[in-house]
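Asks: Chains as they are written, first to last, in my numbering: chain A, 8 to 261; chain B, 684 to 897; chain C, 19 to 282.
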Amino acid sequence: MSKPILTVKQLTKRYGSNTIFENIDLTVNEGDTIVIIGPSGTGKSTLLRCLNLLTKPDGGQIWLDDLEITAKGTDEDRVRQHIGMVFQNFLLFNHLTALENVKLGLVRVKHMPEEEAEKKALEELTRVGLADRAGHYPGQLSGGQQQRVGIARALAMDPRVMLFDEPTSALDPELIGEVLEVMRKLALDGMTMVVVTHEMGFAREVADRIVFMEKGSIVEEGSPDELFYHPKYERTREFLWKITELYGKKEAKS
Amino acid sequence: MDFGRFIQYIASGTAYTLGVTLIALPSGLLIGLVLAFVAVYGGKVPGKIMDFYSTILRGIPPIVLLFILYFVMSGAINLSPFWAGSISLGIISSAYQLEIFRGAILSVSGEQMMAARAVGMSKMQAIRYVVLPQMIRLAIPSWSNEAAIVIKDSSLVYAIGVPEILRRAQLISASTQQPFLAYITAALIYFALVFITNRVLGRVERKLTIPANP
Amino acid sequence: MKKSLIFLVLVVLTAALIAGCAGQKAESVLDKIKTSGKVVVGTSADYAPYEFVDDAGKITGFDVELMEEIAKRMGVELVWTDMPFDSLIAAVQEGKIDMSISCFNYSEERDAQVDFSDAYYTSEDAFLVTEAFTGTITDPLQVAQYKIGVQSGTVQDDWVTTELIDAGLMPESNLSRYERVDQAALDLQSGRIDVLVADSVPAKAIIQQTGSLKIIYEGMLYTGPINIVLPEGDTALREEINKIIKELQGEGFIDALAVKYFSE
């Protein structure tokens with residue numbers, strides 16, 4: 008019986024007089040892979056960043072398990088230890104090696120002893136297939152490799168849920184595959200994930216639920232099957248198939 | 684006066700020049716570094732105060748501040764020429780170093796901070812383990828320039844009587860009527876000091892460079 | 019607009035605060051000297067033969083040796099503080115030095131800020147020119163037609179400013195002020211100035227050093243007696259110094275020093 012890890016109620020975000028999104032409701036159950044799709048600029052990334060409180064919402068509530076993290080007085084740093092995030096631009100710590108990147112949170116935030124942290128970091132790097140690059144600096148890694156390190160870094164903290172903000176959008180086409188592969192394995196292993204992406208192939212094959220957002224609200228939400236083959240709204244069909252034309256075919260080939 | 688003694692007299696001022704520099708530069712570093720972090724991360728009001736500090740001190744010629752500290756404030760604080768000189772130059776340098784570090788911090792993209800917070804680090808931890816190490820590397824070239832400036836500005840303390848290189852060159856020039864020799868000697872000593880400093884810092888910079896593929 | 023006004027007010031207030039910090043000293047410097055066992059004397063050692071640095075790099079000269087004797091008779095150690103000439107008065111005022119000996123002539127302006135000991139010697143002015151100079155001076159005011167150089171803050175500076183420039187005999191642009199007299203001598207030789215108005219004794223020393231200059235006029239303009247500069251209102255100190263000066267004059271000490279340093 009799956010219980011909700013992330014519950015979002017009536018979430019709203021504004022920048023000045025612009026409303027980015029309004030009254031968003033979302034539930035992410037344990038083990039789910041939720042993929043959020045939609046045209047650029049509809050607030051998908053902003054929504055994701057609200058989930059780990061990197062961006063403060065202007066209205067609504069968010070629960071992580073039973074804790075309301077939007078409540079006043081919440082220790083945000085603590086909360087973020089349990090939510091992993093992977094960024095479009097990887098955002099690896101440039102002055103540290105791959106191994107040190109993964110280790111940093113363990114040593115400084117979790118106060119793990121050096122040896123233990125080193126071991127765990129190496130494990131995570133192995134998990135994403137980069138154990139042999141442990142001593143390399145970000146500047147010495149390809150985009151795909153950097154992103155996999157980014158995933159390892161987030162995984163090392165043993166998060167309850169992983170958030171992916173367009174993880175492959177900044178990658179060369181050839182390198183997208185290796186990252187999606189890591190993500191697919193993660194999903195199969197049972198990790199709870201919320202992914203913002205344009206990769207329709209991934210959405211169709213890996214997602215438990217797809218959420219289609221446009222102009223600051225959720226247009227439609229459902230299983231891949233439902234959204235691709237029996238969408239309720241014309242707009243949904245339009246968007247999905249247009250994007251699939253661009254991205255999906257490529258995915259099928261690789 | 685024989686040549687050797689001539690040179691030696693001027694060169695003996697080097698100890699004072701180094702003394703002033705070695706007080707001014709590090710104190711400017713300490714103050715400038717702390718204030719830079721306050722300026723970037725401290726919020727609106729502290730930020731405004733830092734702007735005020737920086738603008739005022741960079742708007743005054745160092746020698747003017749020197750006179751103020753030495754002559755004008757002597758009722759409240761009685762400083763020797765050496766200390767008045769070193770402290771004034773340290774204060775002025777801190778304003779320039781504040782700007783150097785502020786620029787370097789801002790060059791470390793705000794996204795690095797975001798990535799650090801995403802892993803659960805507090806703002807302070809993010810600054811200490813992610814921003815600061817990257818910022819230092821970015822600051823070195825400008826800082827090297829500032830170090831050279833402080834070495835050269837140390838000559839200003841001649842005006843309040845510190846017997847450093849320039850003042851000695853002046854005195855020798857006056858008593859031997861050999862200004863060319865005196866000032867060329869002084870110039871060469873200053874040049875050597877600056878040159879060595881730049882070399883050393885260049886090496887430090889190379890050592891700290893993060894490996895990357897071209 | 020309002021913001022910059024507030025800013026400006028803050029700056030002015032800060033400046034006033036700083037200026038107000040210049041405090042007054044109440045007790046006599048003489049007590050301080052006796053207690054600490056040393057006297058801090060300021061001079062500008064770029065004025066041979068009154069004060070200069072010798073071959074060994076030591077500060078020496080007529081004023082220097084005189085002061086050393088005075089300190090000896092006071093029973094205290096002498097600590098020399100050298101600095102540019104025009105900083106000396108302020109240094110005495112602010113208590114950075116106990117007194118100063120640096121070929122100071124009396125002037126009313128200076129008297130407003132510091133006190134003077136009795137005269138220990140008398141000096142004269144000289145007009146210094148290059149060998150090639152063809153003009154003649156019978157009346158000192160005639161020098162107004164030339165480009166003149168002086169050391170800033172000296173009585174020669176005062177004389178030119180008051181008697182020539184303020185009197186309308188000479189445009190200000192023809193006067194160059196120098197921090198040190200040797201700088202003026204350099205410009206004299208290069209032709210940037212035509213006449214250097216300085217104390218006659220250093221002028222003669224410069225002639226000896228350069229071998230290519232000459233004096234075309236000597237006389238007392240604003241010069242005359244030279245004195246030691248003392249803190250304003252410090253009667254006790256002044257009386258002590260005057261007493262010793264009188265002693266030294268009586269013993270012929272000062273005359274002997276003059277022979278040592280001023281004979282050509």
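We treat Cβ as the ideally placed atom computed from N, Cα and C, and that holds for glycine.
Near Glu269(C), what residues of its chain come up, given a Cβ to Cβ distance below 8 Å and the 5 sequence neighbours on each side ignored?
Replies: So no residue of the chain qualifies.
Asks: So which residues on chain B does Leu204(C) lean against when the C-beta distance must stay under 8 Å?
Replies: Going along chain B in sequence order, the residues near Leu204(C) (Cβ under 8 Å) are Pro862.
Asks: Mind pulling the chain C residues with CB within less than 9 Å of Phe720(B)?
Replies: Ordered by position in chain C, no residue passes the 9 Å Cβ test against Phe720(B), which lies about 24 Å from the chain.
Asks: Could you work out which residues of chain B lie near Asp84(A), taking near to mean beta carbons separated by less than 9 Å?
Replies: Simply Arg800, Gly803, Met804, Ser805, Lys806 and Gln808.
Asks: Please report how far the alpha carbon of Phe689(B) lies from the alpha carbon of Thr700(B), in whole angstroms.
Replies: Distance between the alpha carbons of Phe689(B) and Thr700(B): 18 Å.
Asks: Among residues of its own chain, excluding the 5 on either side of Asp176(C), which ones have a beta-carbon nearer than 8 Å to its beta-carbon?
Replies: Taken in chain order, the residues that qualify are Ser125, Glu127 and Tyr240.
Asks: Rounded C-beta distance between Ile703(B) and Val840(B)? I'm assuming under 8 Å.
Replies: Reading the sequence as shown, one finds Val at residue 703(B) and not Ile. Contact flag correct, Cβ pair sits at about 6 Å.
Asks: Between the segment 837-856 of chain B and the segment 97-115 of chain C, can you find at least three pairs of beta-carbon atoms closer than 8 Å?
Replies: They touch, by the three-pair rule.
Asks: So with CB distances below 9 Å, who are the chain B contacts of Ala144(C)?
Replies: Near Ala144(C) there are no residues of chain B at all, since even the closest Cβ is about 17 Å away, more than 9 Å.
Asks: Can you tell which of Lys110(A), Leu13(A), Gln88(A) and Val116(A) has its C-alpha closest to the C-alpha of Leu55(A)?
Replies: Ranking Lys110(A), Leu13(A), Gln88(A) and Val116(A) by Cα distance to Leu55(A) puts Leu13(A) first.
Asks: Taking DSSP as the reference, what is the three-state secondary structure of Ile10(A)?
Replies: This sequence places Lys at residue 10(A); Ile is not what is there. Residue state, collapsed to three classes: coil.
Asks: Using alpha carbons as the reference points, say which of Ser194(C), Glu149(C) and Asp184(C) lies closest to Ser170(C).
Replies: Here the closest residue by C-alpha is Ser194(C).
Asks: Nearest-angstrom Cα distance between Ala223(C) and Met188(C)?
Replies: Taking the straight line from one Cα to the other gives about 28 Å.
Asks: In this structure, does DSSP put Ala787(B) in helix, strand or coil?
Replies: If DSSP states are grouped into helix, strand and coil, Ala787(B) belongs with the helices.
Asks: For Leu146(C), write down the residues that DSSP places opposite it in a beta bridge.
Replies: DSSP output for Leu146(C) lists Leu214(C) and Ile233(C) as bridge partner(s).
Asks: If you measure beta-carbon to beta-carbon, which residues of the segment 688-701 of chain B are closer than 8 Å to chain C?
Replies: So the list reads Arg688, Gln691, Tyr692 and Ser695, given in the order they occur along the chain.
Asks: Tell me the start and end of each unbroken beta strand (DSSP E) in the segment 176-230 of chain C that is at least 3 residues and wholly inside, in chain order.
Replies: Those beta strand (DSSP E) runs which fall completely within the segment 176-230 of chain C and span 3+ residues are 193-196 and 213-217.
Asks: In terms of alpha-carbon separation, which member of Ala722(B), Val887(B), Ala787(B) and Ala809(B) lies closest to Met795(B)?
Replies: At residue 795(B) the sequence reads Gln, which differs from the Met that was named. Gln795(B) has its Cα closest to that of Ala809(B), out of Ala722(B), Val887(B), Ala787(B) and Ala809(B).
Asks: What are the residues in the segment 97-120 of chain A lying within 7 Å of chain B by C-beta distance?
Replies: Those residues of the segment 97-120 of chain A that come within reach of chain B (Cβ to Cβ, closer than 7 Å) are Leu98, Phe100, Asn101, His102, Leu111, Gly112, Arg115 and Val116.
Asks: Please return the same chain residues whose Cβ sits closer than 6 Å to the Cβ of Leu891(B), not counting the five positions on each side in sequence.
Replies: So the list reads Arg820, once near-sequence residues are dropped.
Asks: Taking 9 Å as the threshold (beta carbon to beta carbon), is Thr859(B) in contact with chain C?
Replies: Taking Cβ atoms only, chain C reaches closer than 9 Å to Thr859(B), which makes this a yes.
Asks: Can you say whether Phe878(B) is buried or exposed, counting buried as having 16 or more other CB atoms within 10 angstroms of its CB?
Replies: With fewer than 16 Cβ atoms within 10 Å of its Cβ, Phe878(B) is classed as exposed.
Asks: Taking Cβ-Cβ distances below 7 Å as the criterion, which residues of the segment 50-67 of chain A are in contact with chain B?
Replies: Going along the segment 50-67 of chain A in chain order, one finds Asn59 and Leu61 with a Cβ nearer than 7 Å to chain B.
Asks: If we call anything under 9 Å between Cβ atoms a contact, is Tyr866(B) one with Val71(C)?
Replies: Going by C-beta atoms, Tyr866(B) is not nearer than 9 Å to Val71(C).
Asks: Which residues of chain C have a Cβ atom closer than 9 Å to the Cβ of Ile843(B), listed in chain order?
Replies: What Ile843(B) touches in chain C: Met101, Pro102, Ser105, Ala109 and Lys114.
Asks: Please report the distance separating the alpha-carbon of Leu106(A) from that of Phe874(B).
Replies: Taking the straight line from one Cα to the other gives about 44 Å.
Asks: From Gln160(C), Val82(C) and Tyr138(C), pick the residue whose C-alpha is nearest to that of Pro243(C); which is it?
Replies: Looking at the Cα atoms, Tyr138(C) is the closest of the given residues.
Asks: I'd like to know whether the C-beta of Pro744(B) is nearer than 9 Å to at least one C-beta of chain C.
Replies: No, its Cβ sits nowhere closer than 9 Å to a Cβ of chain C.
Asks: Given a cut-off of 9 Å on the beta-carbon distance, is the pair Ser62(C) and Val247(C) in contact?
Replies: No, the Cβ-Cβ distance between Ser62(C) and Val247(C) is not below 9 Å.
Asks: Chain B partners of Thr228(C), CB-CB under 8 Å?
Replies: Going along chain B in sequence order, the residues near Thr228(C) (Cβ under 8 Å) are Gln860.
Asks: So, using beta-carbon positions, are Val213(A) and Asp172(A) closer together than 9 Å?
Replies: No, they are not a contact pair.
Asks: Between the Cα of Met92(A) and the Cα atoms of Asp32(A), Gln68(A), Ala161(A) and Val35(A), which residue gives the shortest distance?
Replies: Nearest option by C-alpha distance: Ala161(A).
Asks: Distance, Cα to Cα, Thr62(A) vs Asn828(B)?
Replies: Using only the alpha carbons, I get a separation of about 39 Å.
Asks: With 8 Å as the limit, tell me which residues of the segment 708-738 of chain B have their beta carbon closer than that to any beta carbon of chain A; keep them in chain order.
Replies: Cβ contacts with chain A: none found.
Asks: Which same chain residues, not among the five before or five after Pro262(A), have their C-beta less than 6 Å away from its C-beta?
Replies: Outside the displayed span of chain A (8 to 261) sits residue 262(A), for which this structure offers no information.
Asks: At 7 Å on the CB atoms, spell out the chain C contacts of Pro846(B), in chain order.
Replies: Simply Asp100.
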